[in-house]
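> Its first residue numbered 116, the sequence shown is counted upward by one per residue in my numbering.
C-beta atoms are modelled at their ideal positions from N, C-alpha and C, and glycine is treated no differently.
Dropping a structure here in structure tokens format, bear with me for questions.
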Amino acid sequence: MSWTVESEAAGERLDRHVATRLDAPRNQVQRWIAGGLVRVNGRAAKPSTPLAAGDRVECAPPEPREERVLPERGDLTLLHEDAEIVVLDKPAGLTVHPGAGRATGTLAHRLLDRYPEMAGVGGPGRPGIVHRLDQGTSGVLVVARTPAAYARLSRAFASREVSKLYLGIAYGAPSPAAGTIEAPIGRHPQRRQEMAVISRGQRRGRPAVTHYRTVAAAAGISLLEMDLATGRTHQIRVHLKHVGHPLVGDPVYGEARWKGLPRPVQAPLSGFPRPALHAWRISFRHPATDELLHFEAPVPEDLRALWERVTGKSW
């Protein structure tokens, strides 16, 4: 892969720039540079090499080693299936694919049990997976059953041809009630497992845009509808924290905002066990027929109950 350095990144160290661009650990990028896998304007460089606008960076990182996923039995809530794709409703608490700290018990394991042919689709550690939801996020997810569907859907997500609409319950009432959050996102400079909004003067983040609309607001919380123009890791959670309205229940980006609310609503808010976020709707073109498809995952009962208990209003 290769790209041209933009003016905003002029002066950045090579290792820092590549780490931000590829969302990779900086020490790993330094090993790539030392091994000649990263070049600037066709030449070998050092990790500390300062970049200039217009420089051409080439990077050929080694293919990651992934353990092959084995089938495991488990429930799947299907919204649609055909010979090319499966659309399902992922429950909160289920990890999409194996990763650090999670080797078994993922959605990928369950998919292979029902659809063995997915073993040859995509990477061995992420069979059929073309996008993901955080473990704590519920909602609609599409996976590919064939290599052709995988390639087509992957391109559609990369080129932002897929429309995704989320529902979330956040603290406070955003002002204005509807708007756009546009703030670049990158790895947190200290807490590497977290993402953060990267301001000017810091290392460069990747562009991120979230459109939101307040559906209802009451009792110190708001029900928000959010449309992602980009798909950065933890994007909604990071953006809502950035504007001062974190999601209820978010253990990483949330805040103990419930402490400032009336005592009767503190218990349901403080005890909510996950980020109050649901991937509600998705629209995309079928990878084989090009038909425009729309799917919706019903709002889970835990979100309905939280809203109704805190606000006294029906969903």
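So with Cβ pairs under 8 Å, would you call serine 163 a contact of chain C?
Among the protein chains of the structure shown there is no chain C, as only one such chain exists.
> Between the beta-carbon of valine 380 and the beta-carbon of valine 414, is there less than 8 Å?
no
> Would you check if the stretch 185-204 and the stretch 218-230 touch, i.e. whether three or more CB-CB distances between them fall below 8 Å?
Because the criterion of three Cβ pairs below 8 Å is met, the stretch 218-230 and the stretch 185-204 touch.
> Nearest by alpha-carbon distance to arginine 275: which of His246, Ile284, Gly287, His303 is it?
Among His246, Ile284, Gly287, His303, the Cα nearest to that of arginine 275 belongs to His246.
> Kindly list the residues whose CB is nearer than 6 Å to the CB of leucine 407, restricted to its own chain and excluding five residues on each side of it in sequence; keep chain order.
Arg400
> Measure the C-alpha to C-alpha separation of arginine 249 and valine 155 and round it to an integer number of angstroms.
The sequence given here places aspartate at residue 249; arginine does not occur at that position. Rounded to the nearest angstrom, the two C-alpha atoms are 35 Å apart.
> On the criterion of 16 or more Cβ atoms from any shown chain inside 10 Å, does glycine 320 qualify as buried, or is it exposed?
buried
> Can you tell me which of Thr119, Pro289, Arg352 puts its alpha carbon nearest to the alpha carbon of glycine 169?
If we check each option's Cα against that of glycine 169, Thr119 comes out closest.
> With a 10 Å radius around its C-beta and 16 neighbouring C-beta atoms as the bar for buried, classify lysine 374 as buried or exposed.
With fewer than 16 other Cβ atoms from the protein chains shown falling within 10 Å of its own Cβ, lysine 374 counts as exposed.
> Give me whichever residues DSSP pairs with histidine 409 in a beta bridge.
Ser398
> To which residues does DSSP link aspartate 342 through a beta bridge?
Note: aspartate 342 is bridge-paired with Leu280, His326 in the DSSP secondary-structure output.
> Return the Cβ separation of tryptophan 395 and glutamate 411 in integer angstroms, given the expectation that the two are a contact with Cβ distance under 8 Å.
The distance from the Cβ of tryptophan 395 to that of glutamate 411 is about 6 Å, consistent with a contact at the 8 Å cut-off.
> Round the Cβ separation of glycine 369 and leucine 362 to the nearest angstrom and send it over; I've been treating them as touching at under 8 Å.
6 Å
> Determine contact between the stretch 146-166 and the stretch 193-202, defined as no fewer than three beta-carbon pairs at a distance below 8 Å.
no
> What is the rounded straight-line gap between the Cα of proline 291 and the Cα of arginine 260?
42 Å
> In chain order, what residues of the same chain lie with their CB nearer than 7 Å to the CB of isoleucine 244, ignoring the 5 residues before and after it?
Val211, His212, Ala223, Gly237, Val258
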